[in-house]
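Heads up: the sequence shown begins at 0 in numbering that gives the first Met the number 0, then just goes up one per residue.
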Amino acid sequence: MPPFLRARWLDVAALTWRVDPALVRAHVPAGVEADVDGGGALLSLVAFSFADARVLGVRIPLHQRFPEINLRVYVRRGEEAGVVFVRELVPRRLVAGVARGVFNEPYRHEPLRCRTAVEREAARRSSSSSGTVICISLTAASMPGDAACTCAIEH
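In structure tokens:
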């Protein structure tokens, strides 16, 4: 049987902070503890694009490529390391609904998009948006080509 979900991750950007372990304690389930490094719990914001997504080996129309932003806490159970997702944001209602309903994952539907710097500039010139836009813009100077990716949440 194929894996439940198979996909490639593209345009990955991760920001990690050390925070007071008390700040993440409410998100860490019983039986595990926050992974503490240098006196702080590790908390990451990860943005990426799913590509070639398949569920049980099947491509779902309009759900093969989409961005995700997640907030995660790194945890440990003895020597075993893992992550606990605090929130996962995706622009596909079906993905958020199935992840929440079937797997009890903290997914929420939000109108996200992920663009390269060239795509972002073209969109800026051709449209205006209403509402609040939160942008994360990162440039990886060590990567070849246009490695900048912007992910936005629009409200």
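Beta carbons: idealized from backbone N, C-alpha and C, even for Gly.
The shortest C-alpha to C-alpha distance from Ser-48 to any of Leu-70, Asn-69, Val-11, Leu-41 is the one to Val-11. Pro-90 places its beta carbon 8 Å or farther from that of Leu-55. In the structure shown, the three-state DSSP call for Gly-56 is coil. Rounded to the nearest whole angstrom, the CA to CA distance from Glu-109 to Gly-81 is 26 Å. Where Pro-20 is concerned, the enclosing alpha helix (DSSP H) starts and stops at 20–23. Secondary-structure assignment with DSSP links Leu-4 through a beta bridge to Val-54. In the DSSP annotation of this structure, the continuous segment of the alpha helix (DSSP H) that includes Leu-93 starts and ends at 92–102.
In the DSSP secondary-structure assignment, Pro-66 is bridged to Ser-48.
Pairing Tyr-106 with Arg-112 gives a Cβ-Cβ distance that is not under 8 Å. Per DSSP, the beta bridge partners of His-108 are Val-89.
C-alpha of Val-57 to C-alpha of Pro-66: approximately 19 Å in a straight line.
Among the bridge pairs identified by DSSP, Val-35 is matched with Ala-40.
For the pair Phe-3 and Arg-53, the Cα-to-Cα distance works out to about 8 Å.
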